[in-house]
Amino acid sequence: MESLDAYMGFLNVQELIDQDFLPVGTSDNDVVKLVKFLGGAPQNFLDSDLGEAIVLEEATAYVGTDIEDHVYSEIGGHDIFMGLGKDFADVRGVTATNVVNGGNQGDTILGGDGGDELRGGKGLDSIVGGAGDDTIYSGLGQDTLTGGNGADIFVLRGFDVNFPGAVLAPTVTDFQAGLDKLAIQGVTDAQIAAALAGQTQISGGVQFTIAGATVTVQGVNTLAASDIGTADFFGI
Numbered sequence: 007m008e009s010l011d012a013y014m015g016f017l018n019v020q021e022l023i024d025q026d027f028l029p030v031g032t033s034d035n036d037v038v039k040l041v042k043f044l045g046g047a048p049q050n051f052l053d054s055d056l057g058e059a060i061v062l063e064e065a066t067a068y069v070g071t072d073i074e075d076h077v078y079s080e081i082g083g084h085d086i087f088m089g090l091g092k093d094f095a096d097v098r099g100v101t102a103t104n105v106v107n108g109g110n111q112g113d114t115i116l117g118g119d120g121g122d123e124l125r126g127g128k129g130l131d132s133i134v135g136g137a138g139d140d141t142i143y144s145g146l147g148q149d150t151l152t153g154g155n156g157a158d159i160f161v162l163r164g165f166d167v168n169f170p171g172a173v174l175a176p177t178v179t180d181f182q183a184g185l186d187k188l189a190i191q192g193v194t195d196a197q198i199a200a201a202l203a204g205q206t207q208i209s210g211g212v213q214f215t216i217a218g219a220t221v222t223v224q225g226v227n228t229l230a231a232s233d234i235g236t237a238d239f240f241g242i
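Note that the working numbering has the sequence shown beginning at 7, numbered continuously upward.
What follows is the structure, encoded as structure tokens:
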């Protein structure tokens, strides 16, 4: 195993073989290039202490920190949970499915070539799906959602009694009518019909309000009933 003693704060990294839980980093802005679990159980777990740049190779889960984390995936198939800082997750170039969850601040999430599940958190997040058929969830802020290539589903929040003060104003930047879909959580078919009837054209797209959310959809002149449905309708 490549030696990372200086980065990880351990006397001997060789002793970490067979470990399923690995705390990484001792100070701000540490860089960890290689994280490999050679003898542990299939569900390995990586947790860093502060703000690091982490490259995931064989760990299957990552939980973020209080500061700014930069997480990169080289093979995919990860569950990534961003932390309290303005975090950056990059799974571009991998075909395995990744699940990435935004944290408390404005995170940037870049999806890969597979069908990823990418979720906004509490901040003003920027999420880019990538090449696969992705499912992209808006969070509690004014998120910017870009599907990329593929047939993507944008899952958008309606009013949530658990977060009454949330500013629900997502923007979908590249909606492809007839290919992509909008799935609205916590609403009825009647509310969707009313939102479609009340949609207005804006520069580069359309805008509508529904259940306390103001949704901007760029790339179309109008939305049809076939473009949008309840989250339940799409099985989400």
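All residues carry an ideal CB built from backbone N, CA and C; glycine is no exception. Remember, predicted model here, so these are calculated numbers, not experimental data.
Query: Would you mind reading off the limits of the beta strand (DSSP E) that contains Leu124?; Result: Glu123 to Arg125
Query: Counting pairs of Cβ atoms below 8 Å between the stretch 208-217 and the stretch 162-181, do you hit three or more?; Result: yes
Query: Where do the ends of the beta strand (DSSP E) carrying Leu116 lie?; Result: Thr114 to Leu116
Query: Among Asp131, Gly225 and Asp166, which one has its Cα closest to the Cα of Thr179?; Result: Gly225
Query: Could you give the residue range of the alpha helix (DSSP H) that holds Ala200?; Result: Asp195 to Ala203
Query: Taking the C-alpha atoms as reference points, what is the distance between Gly204 and Thr228?; Result: 11 Å
Query: Report the rounded CA-to-CA distance for Val173 versus Gln182, giving the unit in angstroms.; Result: 25 Å
Query: Would you please state the rounded distance, in angstroms, between the beta carbons of Ala157 and Asp186? I believe it to be under 8 Å.; Result: 6 Å
Query: So Asp122 and Val106 are supposed to be a Cβ contact under 8 Å. How far apart are they, rounded?; Result: 7 Å
Query: So what does DSSP say about Ser232, is it helix, strand or coil?; Result: helix
Query: Looking only at its own chain, which residues have a Cβ that is under 8 Å from the Cβ of Asp140, when we skip the five neighbours before and after it?; Result: Gly117, Gly121, Asp122, Glu123, Leu124, Gly153, Gly154, Gly156, Asp158 and Ile159
Query: I need the DSSP call for Leu151, collapsed to helix, strand or coil.; Result: strand
Query: Since Leu2 and Gly112 are thought to touch, with beta carbons under 8 Å apart, how far apart are those beta carbons, to the nearest angstrom?; Result: One cannot answer for residue 2 here, as it falls past the ends of the chain, which runs 7 to 242.
Query: Quick one: what's Gly221 bridged to in DSSP?; Result: At residue 221 the sequence reads Val, which differs from the Gly that was named. According to DSSP, Val221 bridges with Phe214.
Query: Suppose the cutoff is 6 Å on Cβ atoms and the five residues either side in sequence are ignored; what does the same chain contact list for Thr177 look like?; Result: Thr150 and Thr222
Query: I believe Ala175 touches Thr220 by the beta-carbon criterion, under 8 Å. Please report the beta-carbon distance rounded to the nearest angstrom.; Result: 5 Å
Query: Applying the 10 Å Cβ sphere with the 16-neighbour rule, what's the burial state of Ser232?; Result: exposed
Query: Excluding five sequence neighbours on each side, which residues of the same chain lie with their C-beta closer than 6 Å to the C-beta of Ile115?; Result: Ala95, Val106, Leu124 and Ile133
Query: Could you say which of Val193, Gly138 and Gly147 lies nearest to Gly171 if we only look at CA atoms?; Result: Gly147
Query: Return the CA-CA distance between Val193 and Asp119, expressed in angstroms with no decimal places.; Result: 31 Å
Query: Hey, would you say Ala237 sits closer than 8 Å to Gln191, going by beta carbons?; Result: yes
Query: For Tyr143 and Ile198, I'd like the C-alpha separation in whole angstroms.; Result: 18 Å
Query: Are the beta-carbon atoms of Gly126 and Gly99 separated by less than 8 Å?; Result: no
Query: Strictly by DSSP, which residues pair up with Thr206?; Result: Gln213
Query: With DSSP as the reference, identify every bridge partner of Asn107, one or two as the case may be.; Result: Phe87 and Arg125
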